[in-house]
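Student:
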Amino acid sequence: MSKKNVLVKIKELKTDIGVIKDLELSFGRVFEETWAEPVGPTPFPSVTELREWDFKLLQKYKPFYLPFCDVCCLCTFGKCDLTGDKRGACGLNMAAQQSRIVLLACCIGAAT
Numbered sequence: 231m232s233k234k235n236v237l238v239k240i241k242e243l244k245t246d247i248g249v250i251k252d253l254e255l256s257f258g259r260v261f262e263e264t265w266a267e268p269v270g271p272t273p274f275p276s277v278t279e280l281r282e283w284d285f286k287l288l289q290k291y292k293p294f295y296l297p298f299c300d301v302c303c304l305c306t307f308g309k310c311d312l313t314g315d316k317r318g319a320c321g322l323n324m325a326a327q328q329s330r331i332v333l334l335a336c337c338i339g340a341a342t
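Residue numbers (this note's numbering): 231 to 342.
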């Protein structure tokens with residue numbers, strides 16, 4: 231779908247870079263994206279809908295933990311062997327250790 235002669239007027243725009251006043255943009259033709267298939271029931275799902283979907287997937291497909299280390303070295307109790315069904319001195323198991331490492335990696339990624 232295309233629209234002809236689109237005119238955009240901005241009276242005042244304040245940004246960190248500067249202030250723009252009385253800006254007019256004119257386009258001869260604007261092409262909009264169209265899909266060959268109809269839009270689904272939830273094109274913009276909410277957080278609760280995504281949460282339900284995550285639970286459905288987690289019930290169907292159990293998480294597979296692929297640890298890169300069998301030892302917990304993140305706490306003050308010292309290094310604990312977490313192979314098999316063993317627990318660390320603080321009660322941590324391998325699944326919780328992998329969750330901690332993934333959370334730490336996400337925090338590092340968000341901070342950069």
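Glycine residues also receive a C-beta, built at the ideal position from the N, C-alpha and C atoms.
1) Along the alpha helix (DSSP H) that carries R281, what are the first and last residues, could you check?
2) Could you compute how far the alpha carbon of W265 sits from the alpha carbon of R259?
3) Which residue comes first and which comes last in the alpha helix (DSSP H) that contains L353?
4) Taking F294 as the reference, which of E267, A326, L237 and A341 has the closest Cα?
5) So, using beta-carbon positions, are C302 and C310 closer together than 7 Å?
6) Whole angstroms are fine: how far does the CA of T245 sit from the CA of V238?
7) Expressed to the nearest angstrom, what Euclidean distance is found between the alpha-carbon atoms of K241 and S256?
8) For G318, count neighbouring Cβ atoms within 10 angstroms of its own Cβ and tell me buried if that reaches 16, exposed if not.
9) Can you name, in chain order, every residue of its own chain whose Cβ lies under 6 Å from the Cβ of L253, other than the five neighbours on each side?
Tutor: The relevant details are as follows:
1) For this step, residue 281 is matched to residue 51 along the sequence shown. V277 to K290 is the extent of the alpha helix (DSSP H) around R281.
2) Translated into the one-based positions of the sequence shown, residue 265 becomes position 35. Translated into the one-based positions of the sequence shown, residue 259 becomes position 29. Using only the alpha carbons, I get a separation of about 19 Å.
3) The displayed coordinates of the chain run from 231 to 342. Any statement about residue 353 would go beyond what the structure contains.
4) Taking the first residue of the sequence shown as 1, we reach residue 294 at position 64. Nearest C-alpha to F294: A326.
5) Stepping through the sequence shown from its first residue, residue 302 is reached at position 72. Stepping through the sequence shown from its first residue, residue 310 is reached at position 80. The answer is yes: Cβ separation under 7 Å.
6) Translated into positions along the sequence shown, residue 238 becomes position 8. Translated into positions along the sequence shown, residue 245 becomes position 15. Cα to Cα, the separation comes out at about 18 Å.
7) Working through the sequence shown from its first residue, we reach residue 241 at position 11. Working through the sequence shown from its first residue, we reach residue 256 at position 26. Each residue's alpha carbon lies about 15 Å from the other.
8) Stepping through the sequence shown from its first residue, residue 318 is reached at position 88. G318 should be labelled buried.
9) By one-based count along the sequence shown, residue 253 stands at place 23. I240.
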